[in-house]
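Have a look at the structure below, then the notes.
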Amino acid sequence: MMIRVLDIAILGLLMDRDHHGYEIRTQLRDRLCIWGNVSFGSIYPALNRLERHGLVEAVAPSDSRLGILSTGSLSGERASLRSLRSSPGIGRRARKVYRISERGREEFTTMLANPATIDDGKNFSLRMALAKYLTPGLRVGLLERRRGDLIERLAEVRAGARNDQLDTYARGVMEHAARGVELDLEWIDALLSAERNNQQTFARDAK
268 MMIRVLDIAI LGLLMDRDHH GYEIRTQLRD RLCIWGNVSF GSIYPALNRL ERHGLVEAVA
328 PSDSRLGILS TGSLSGERAS LRSLRSSPGI GRRARKVYRI SERGREEFTT MLANPATIDD
388 GKNFSLRMAL AKYLTPGLRV GLLERRRGDL IERLAEVRAG ARNDQLDTYA RGVMEHAARG
448 VELDLEWIDA LLSAERNNQQ TFARDAK
């Protein structure tokens, strides 16, 4: 199965609890802070693909959603049903709830740690947002790979800023880009230091 970043994001959300498609779309934006404009045209094919590979499964909606209708009166239940049907995104398709399978949990951890798709800042940010599912050693490996990428990028940007053919404005943009990479490196170094300190503390406590 080809590794797709959207697949990793969906599986990561399902690690916590079951979701339907509308909730997944909202969580991608509000919790993971990525793909604010991701469409259902991308989410549902991804869910279908994950389901075909046995990584997720469709389940019945939880009782909490059905409880919306339990108002104690017939007129109240009819009003609640009308409200549920008219809610944005809560249509026939959205009521299909997805749950991650045991195989999906195993594959998710493998995908999350796989360096093959760590090719830009967004992908790395997604992995860090879900890093609680990685072992300490895998988190350190993830951070070290990202640090190496940033060091290479910083060298490229600094070399570009020294180009004599750049005017003042273009050079200013390059220097600003270099500062952005430096800030990312400072963040990575702080995370690495914290992870290594945690590992040392855990090792001492385990003795």
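All residue numbers for the sequence shown refer to my numbering, where the first residue is 268 and numbers rise by one.
Just so you know, even glycine gets a beta-carbon here, dropped at the ideal spot from N, CA and C.
contact_flag[the segment 414 to 428, the segment 362 to 382] where n(CB pairs < 8 Å) is 3 or more: no
Counted within 10 angstroms of its Cβ, other Cβ atoms place Arg394 as buried (16 or more) or exposed: buried
Supposed contact pair Leu379 and Leu397 - C-beta distance, whole angstroms, cut 8 Å: 6 Å
Sequence ranges, alpha helix (DSSP H) only - wholly within the segment 401 to 436, length at least 4: 403 to 428
Selected residue, minimal CA-CA separation from Pro312, among Tyr436, Ile277, Asn465: Ile277
Boundaries (first-last residue) of the alpha helix (DSSP H) holding Arg394: 388 to 396
First and last residue of the uninterrupted alpha helix (DSSP H) at Arg319: 307 to 319
Beta carbon proximity, Ser306 to chain C, threshold 7 Å: In the displayed structure, chain C is absent; only one protein chain is listed.
Contact under 7 Å by Cβ, Leu322 with Ser368: yes
Residue interval of the alpha helix (DSSP H) (run including Ala327): Note, Ala327: premise wrong, no alpha helix (DSSP H); not H, not E.
Environment of Leu450 [buried if 16+ CB atoms lie within 10 Å]: exposed
As assigned by DSSP and simplified to three states, the class of Arg271: coil
Start and end residues, beta strand (DSSP E) containing Arg366: 364 to 367
Inter-residue CB distance, Phe307 and Arg319 (contact presumed, cutoff 8 Å): Phe307 to Arg319, Cβ: 18 Å. No contact.
Euclidean distance between Cα positions of His287 and Arg296: 15 Å
Reference Arg298; option with closest CA among Lys399, Glu453, Ala327, Leu280: Leu280
The alpha helix (DSSP H) enclosing Leu295, as first and last residue numbers: 288 to 297
Gly404 versus Arg425, Arg463, Glu442, Ala445, residue with shortest Cα-Cα distance: Arg463
Cβ pair Arg438, Ala428 closer than 7 Å: yes
Neighbourhood of Arg414 by C-beta, 8 Å cutoff - its chain only, sequence neighbours within 5 removed: Leu452, Ile455, Asp456, Leu459
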